[in-house]
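Chemist: Attaching a single structure in structure tokens format; questions to follow.
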Amino acid sequence: MVAFPRLKKKKRRRSTLNRSGVGAPPGLLVADPEAVPSRLSVYGIGDGRFHKQVGIDLDEALALRTEWPVIWLDCSGLSDIGLVERIGAAFNLHPLALEDVVNTEQRPKCDPYQDHAFVVARMLDPTGNSEQLSVFFGEGFVLTFQERPGDAFDPVRKRIEKGAPRLHAGHSDYLAYALIDAVIDAYFPVVDRQTGRIDELEDEIFDDLDAVQVPEIHGLRRDMLNLRRVLRPTRDALNALLRLDRPFLREETKTYFGDVQDHCDQLIDLNDTYRDTAAGLIDLHMTLSAAATNEVINLLTIISTIFIPLGFLAGLWGMNFNPEISDWNMPLTQSPYGYPIALAVMTVIALGLLAYFKKKRWI
Amino acid sequence: MVAFPRLKKKKRRRSTLNRSGVGAPPGLLVADPEAVPSRLSVYGIGDGRFHKQVGIDLDEALALRTEWPVIWLDCSGLSDIGLVERIGAAFNLHPLALEDVVNTEQRPKCDPYQDHAFVVARMLDPTGNSEQLSVFFGEGFVLTFQERPGDAFDPVRKRIEKGAPRLHAGHSDYLAYALIDAVIDAYFPVVDRQTGRIDELEDEIFDDLDAVQVPEIHGLRRDMLNLRRVLRPTRDALNALLRLDRPFLREETKTYFGDVQDHCDQLIDLNDTYRDTAAGLIDLHMTLSAAATNEVINLLTIISTIFIPLGFLAGLWGMNFNPEISDWNMPLTQSPYGYPIALAVMTVIALGLLAYFKKKRWI
Amino acid sequence: MVAFPRLKKKKRRRSTLNRSGVGAPPGLLVADPEAVPSRLSVYGIGDGRFHKQVGIDLDEALALRTEWPVIWLDCSGLSDIGLVERIGAAFNLHPLALEDVVNTEQRPKCDPYQDHAFVVARMLDPTGNSEQLSVFFGEGFVLTFQERPGDAFDPVRKRIEKGAPRLHAGHSDYLAYALIDAVIDAYFPVVDRQTGRIDELEDEIFDDLDAVQVPEIHGLRRDMLNLRRVLRPTRDALNALLRLDRPFLREETKTYFGDVQDHCDQLIDLNDTYRDTAAGLIDLHMTLSAAATNEVINLLTIISTIFIPLGFLAGLWGMNFNPEISDWNMPLTQSPYGYPIALAVMTVIALGLLAYFKKKRWI
Amino acid sequence: MVAFPRLKKKKRRRSTLNRSGVGAPPGLLVADPEAVPSRLSVYGIGDGRFHKQVGIDLDEALALRTEWPVIWLDCSGLSDIGLVERIGAAFNLHPLALEDVVNTEQRPKCDPYQDHAFVVARMLDPTGNSEQLSVFFGEGFVLTFQERPGDAFDPVRKRIEKGAPRLHAGHSDYLAYALIDAVIDAYFPVVDRQTGRIDELEDEIFDDLDAVQVPEIHGLRRDMLNLRRVLRPTRDALNALLRLDRPFLREETKTYFGDVQDHCDQLIDLNDTYRDTAAGLIDLHMTLSAAATNEVINLLTIISTIFIPLGFLAGLWGMNFNPEISDWNMPLTQSPYGYPIALAVMTVIALGLLAYFKKKRWI
Amino acid sequence: MVAFPRLKKKKRRRSTLNRSGVGAPPGLLVADPEAVPSRLSVYGIGDGRFHKQVGIDLDEALALRTEWPVIWLDCSGLSDIGLVERIGAAFNLHPLALEDVVNTEQRPKCDPYQDHAFVVARMLDPTGNSEQLSVFFGEGFVLTFQERPGDAFDPVRKRIEKGAPRLHAGHSDYLAYALIDAVIDAYFPVVDRQTGRIDELEDEIFDDLDAVQVPEIHGLRRDMLNLRRVLRPTRDALNALLRLDRPFLREETKTYFGDVQDHCDQLIDLNDTYRDTAAGLIDLHMTLSAAATNEVINLLTIISTIFIPLGFLAGLWGMNFNPEISDWNMPLTQSPYGYPIALAVMTVIALGLLAYFKKKRWI
């Protein structure tokens, strides 16, 4: 259960939602005090060639827009509100969308605008930490905003650099698809680990029932609840994208987005099934624990029920009534065969009780 | 658990629903006997200027209507039925809507009328107390009715007074949006405290299981149930607003209302997830309590099972059969090594039982 | 728990559903053998005047139809099948609708016919007993059929007699609305009592946990389940009414029916929330009971675990091995400090066990 | 619980579903080896006259088709596959529909064909056994196939023979309605018995809690689950029928089918409510059992906690330390008032413990 | 419970979902390292004749396409990625579809393309192991891809070889139907075994309650959860197929696909009902176990409560207060009738307690 405290810590943070936005005017950008410094990187892509520049200045990046069929501008870290605003102005982004970029506890969603689409998703790293990813794409450009450096896009970068034909065909929608697909693909190892752990816990419960398993199942169930909170709106966002009718989103790319939606459905199915399984495991744990307790109580009852009456008899014959005063007192103790008779009586009682328990199937 | 009785008291009150309306003709306004005295305040807004007047007379307020592009008339306290009726007459409000204003246990909803929209919402203060907010907005005016002085609108007032351009553009729909947005924003601290408390309780359960945690979880779950009862219809009301086709509600303002709906969805998601988590915590508590009881019962069984038979043996040798009458009585007690033999027998029995428990994994 | 048996009795009766209709041809009216004698009463309404007659003959009542803009014919008690059939013939009612009038276990519903609408609702009296109300309304007439004398309509009667303008405007749809609104309004005190009792039970559980609370919660939950069985179809019926397009149902009256539907939604919300709360209370009760049992078992274990070993030792030193035969027998008992040593050993054991329990947090 | 094994046996059979169809080509009819011999009976109906013939040959029956406005051909028992195929050919039935007739584990459904409708329902007898009923109806004919002789149609037969006008009006759709209505009506006694039994069990649980009630509730809940499995698709089938647009199904008959659907809704409502109640009863049983156990454990604890320490004291004073060797040994036993002091000490301890239990509200 | 480990193993494997696809470009085919060698087999079908060839080369198979009205190309084993790609090129299949063929953890689905439909289903063998089946069908061809040799198609092969007219009519859609129908038919024995086992377990629980039944019910419930995960999307896929409007899918074949959908509905109904029943069985098991424990605890309490006080009395009279020092010490022990009096007192106490238990209905 090493992973458990970390998981809780992660959730703790997630619950401080939307704080900077409370009471502020809409569209006013306020940086999260814990935000990481912003850093721009840009790819210009087209015709098998590409230009990559990390740590670029915004104006330089915008200049590339005219030179390349598609540019991908990525902003890691959201502390520089001014930069975000300037990007917004350059690409004509809606103030509410920019506010959503900066307040990084948004639900995944897809907001259609006239000349671009805005998609919010959550990006998981292999350890299960998540950050918000905001994607804008329109004719000739894709913008991505992420909370921290480090992302799920390396496979896409490699394919750009290898000159993958579909990425170099000059359509920004396919690039946006590739990025979002990479984000969803990164969910699979996390879900795989969750479901695998539940499968293992099921074995462990049958092998060695232990109270320590309960918090872990509870923690997994909770992580899966949190994941569902992300997956369902992501699916809805992809659905909204599929129903979008804009020139910058071609029908053939929608086929690809449909494939991402299939992956989402698969994840939701697994999430649903395994959350249900986890709930079943807690019930199973409780039932098996109760069964173990019953076994213990049975033993206690059998031992007590046999020896308490016998002990009483022994106590009876241990009483100090004076046999010398009258023959009424302690008669058997003064008889020559008193002791063997007493032992015989006790044996008969014990055997009788054992037979009764046998009949009741308690032993 | 200081907060607990207060929460219950709040709910108690909420359940005395709609009382004044039972059996009364529709549209007949009856003041809640506990209603707070009414007080009007008004803002005239436009072109960067504004006029603010608190405790104004209705006729004066209505006079401002012709002078300013947008007026915002706020009525705090609903004891003055006559005032509400006169406002209704002045703005051509439907009697049923006025009835809903006065009976302050309405579900959040949006009723469209020909020349204005009527929105009912619930306003939470930071301690979680709620009051009904009724908003009417049409061409050039926004009316708000609230149960008590004290509201979530201070950020909006500040922005009006600072001359925020969108608020001064002369459109009442944007002002209505700003007010409703401020109301929904005020839910976040409340939800944040609920979810944070559940996270803490989870830690407490693992750290120090105590029966006192159960009522608190129950209370939180109940508060969240009550919140859901408000959130779901609020979302539906916003949805109805988004589908409304009226000249006084512009398409661009709908984008803003869509943002409020996103916030609602976020709150509902959190509410659903954490209610589910709270239910899981109660199960967890029960399972861990059962595990603790099992441990105690195990100890009881082990001690009893070992010492009850030994005690019986001691009792056996403590019986007062007269050894002088015959050699059958109490033979071992008269042997020189009887006592060490007895102790040895008891030790063997005790070790045997311990080995049995060890094998059964009970110790 | 005085109310409990009555509630069960009520439900028992409700389950003998539709009996008279089984196997009978559709439209054949068979009186319920327990039906109450029928009695007609009529109101002629219009232009501020009204004519009221109780215990009227059907032909007289029909004669009023030509004289008054709107007549309201109420039939209390359904034993006179012939009367129901004659009313059906006079107002051109469908045989299936008449069958539903007489078989008083119908689900609430709204059946639209060409020249009238047929609404089935259930009327609750303040003690929670229910009866079926069948309402027909068309151009110029409203018919109501109820199982028993005594109804929720007194507020409407008073308003007719006071000359309320909307009731006297000559539209039957508004009168039908007023009657149905009065029926739904009568649900509020019942729901209020249920929710109030649940709030009280929550307090009682925290104050003084008692097994007797469980059946009461169960009974309340069951009453609320039965109420939901009425509320949901009532809401659907009102919805069907709102979507109805007939000349005898004006758009402006639909606004009023929409208000009734709002009340229904409010009742359903409360019902859902409190049924959920009641289920939570049963869990809470079980958890707190288990906690109480655990406390008792803990005490039992502590006392047993301390005194059973000590008792064994006392028994050991109470054995009757003969110390005179050899020094091996009962050595300590013959030592001058044997007794204080024995007491000291016992004290050490007891303190050691107490320290162990302290460490385990059992005391 | 006499009825219980029978109910289980019934279910067992139901689960051997669709066996003959596995791996067979579609439309190939394979008789169930347990099928009952087929027997045709026919009614020719029209204009107040009717012709009834039981055990008729198919060709004779088809000959009646030209003579009578409506014929009703009923086939009881499905072992004669050839007969079913010849009927199918004569009435132009789809091979898949015939397959569904013969494989008697179909879900209730309604399949529309060009010139007839095909409805599958399940017919319950009063003891709760069910058989599949397949109904085809088109212009001038109604066909019914049932698994066994014995059905719910006797009321319809009587009405035909009495010359009921609507049945004699020459429309096959009304006859089909009358038959399906009779089938649904036959559900009411079964549901009535189930709900009545649950009401009784609730009383029994309060009167005399017994573990034997649990399996019966479980069995009832299971029967109701199975019934729901039939009711929901039956409702859907009736809904499909209501939306069907074919000349052989008149609008006015749809009103009647709507009435059957109302009955279905009523049954589903009851089924839902009582299944929920049954689940609540199991919880209630568990809670009350736990309460009873708690009471027993309380008694055990009180008795043990009082007498175990007292017994220890008695044992202490029963030890055989030799008082003659030193004054340290067993001092009180040699004092003249030792015995009354010991009794007094014990009484004080017992009273102290009783006071403690009183304070803790355990007694 | 022999079957249990196997079932778990199966699930373990299922959870390693989609692994090869993570991070890879869309449409890039990567063979599962555990994939079985690929083997083609082909049927040419038409006009009562057929040509069958197993282990054929792809080019030979494609050559048959021109000779026969319909060809069915089956590829068992998916290790040969090149072969899959060449088939994709020959039949103009979308790269994403081919990726789904190779990544064998897809959800069942139906993707429509312009000139063919793509259906993913899961094929169960009689032991409950599953493999992915990918079906493409368009004008004149059906392609099937399966993970391993061995499938559910033998009934279809036999019907082709017997010259079944509908299969030889030259329509690929009917062949696709026949194959998918065979796949769904193969679910019935698996579901039948699951439901039959639950029925048996219900009997076993009543006959001989044993903790070992709980894991088996849990395992069955889990298998049924996994089956539902397949059944629901299969139903949706069939629904999508029914709504498809393409020349290669004729209306009359849709009737047949509707029949497959009916079978799916039947399986889903059974799955839902029996999963609910299995959950009920776990509750039942817990309740009956608790009842058994209660019985044991009752016995323990009765025995303890009777004998512990009696034992205390015996101990009291066994104390060694010196009666010779004063008459206050041990008075009754020195009386001639002390012993019978003591026995009488004990008997009275025992009978009193038994009467008390009788009154409390504990014995």
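Chains as they are written, first to last, in this note's numbering: chain A, 1 to 363; chain B, 364 to 726; chain C, 727 to 1089; chain D, 1090 to 1452; chain E, 1453 to 1815.
Using N, Cα and C, we set each Cβ at its ideal position, and we do this for glycine too.
#1: Please compile the residues from chain B whose C-beta is within a distance smaller than 8 Å of the C-beta of residue 765 of chain C.
#2: Verify the CB distance criterion: does residue 334 of chain A have a CB-CB separation below 8 Å to chain E?
#3: Would you tell me roughly how many angstroms separate the C-alpha atoms of residue 1550 of chain E and residue 617 of chain B, rounded to the nearest one?
#4: Can you tell me where the alpha helix (DSSP H) with residue 1647 of chain E in it begins and where it stops?
#5: So, using beta-carbon positions, are residue 641 of chain B and residue 572 of chain B closer together than 8 Å?
#6: Can you pull the chain D neighbours of residue 1756 of chain E, defined as C-beta to C-beta under 7 Å?
#7: Along the stretch 573–590 of chain B, what residues have a CB closer than 7 Å to any CB found in chain C?
#8: Taking only the alpha-carbon atoms, compute the straight-line gap between residue 542 of chain B and residue 519 of chain B and give it to the nearest angstrom.
#9: Whole angstroms is fine: what's the gap from residue 581 of chain B's alpha carbon to residue 485 of chain B's?
#10: Taking only the alpha-carbon atoms, compute the straight-line gap between residue 1028 of chain C and residue 213 of chain A and give it to the nearest angstrom.
#11: With distances taken Cα to Cα, identify the nearest neighbour of residue 632 of chain B among A:96, A:282 and A:106.
#12: Decide if residue 1561 of chain E is buried, meaning its Cβ has at least 16 other Cβ atoms within 10 Å, or exposed.
#13: Can you give me the C-alpha to C-alpha distance between residue 787 of chain C and residue 859 of chain C, rounded to a whole angstrom?
#14: How about residue 1545 of chain E: is its C-beta nearer than 8 Å to some C-beta of chain A?
#15: Quick one: list the residues of chain C neighbouring residue 1419 of chain D, beta-carbon separation under 8 Å, in chain order.
#16: Quick check: what's the CA-CA separation for residue 347 of chain A versus residue 315 of chain A?
#17: Are the C-beta atoms of residue 1748 of chain E and some chain A residue less than 8 Å apart?
#18: Can you name the start and end residues of the alpha helix (DSSP H) that residue 977 of chain C belongs to?
#19: Flag this pair as yes or no: are the beta carbons of residue 345 of chain A and residue 300 of chain A separated by less than 8 Å?
#20: Report yes or no: is there a C-beta of chain A within less than 8 Å of the C-beta of residue 1689 of chain E?
#21: Using a Cβ cut-off of 8 Å (strictly closer), state whether residue 1495 of chain E contacts chain D.
#22: For residue 546 of chain B, which residues from the same chain have a beta carbon less than 7 Å from its beta carbon, with the 5 sequence-adjacent residues on both sides left out?
#23: Below 8 Å CB to CB, which residues in the same chain sit around residue 1716 of chain E once its five sequence neighbours on both sides are set aside?
#24: Is residue 1071 of chain C close to chain D? Criterion is C-beta to C-beta, closer than 8 Å.
#25: Who does residue 44 of chain A pair with in a DSSP beta bridge?
#26: Exposed or buried, which one is residue 1546 of chain E when buried takes at least 16 other CB atoms within 10 Å?
#27: Report the residue from A:289, A:32 and A:246 whose alpha carbon sits nearest the alpha carbon of residue 147 of chain A.
#28: Do residue 1544 of chain E and residue 273 of chain A count as a contact pair if the criterion is CB distance below 8 Å?
#29: If we ignore side chains and look at the alpha-carbon of each, how far apart do residue 1564 of chain E and residue 170 of chain A end up?
#30: Using the Cα positions of residue 1110 of chain D and residue 1220 of chain D, report the straight-line distance between them to the nearest angstrom.
#31: Look at the alpha carbon of residue 1568 of chain E and the alpha carbon of residue 1530 of chain E, and state the distance between them as a whole number of angstroms.
#32: Using the Cβ count rule (16 or more neighbours within 10 Å means buried), how would you classify residue 815 of chain C?
#33: Does residue 1185 of chain D come out as helix, strand or coil in the three-state DSSP assignment?
#34: How about residue 1516 of chain E and residue 1492 of chain E: are their beta carbons less than 8 Å apart?
Modeler: Taking the coordinates as given:
#1: Simply none; closest approach about 23 Å.
#2: no
#3: 43 Å
#4: 1639–1659
#5: no
#6: 1389, 1392 and 1393
#7: 574, 577, 578, 581, 584, 585, 588 and 589
#8: 7 Å
#9: 23 Å
#10: 27 Å
#11: A:106
#12: buried
#13: 20 Å
#14: no
#15: 1065
#16: 16 Å
#17: yes
#18: 977–1043
#19: no
#20: no
#21: no
#22: 484, 486, 496 and 515
#23: 1636, 1683, 1686, 1687 and 1690
#24: no
#25: A:51 and A:71
#26: buried
#27: A:32
#28: no
#29: 27 Å
#30: Residue confidence for residue 1110 of chain D is low, a pLDDT of 49 falling below 50, so the modelled location carries little weight; the figure read from the coordinates is stated next. For residue 1110 of chain D and residue 1220 of chain D, the distance between alpha carbons rounds to 18 Å.
#31: 21 Å
#32: exposed
#33: helix
#34: no
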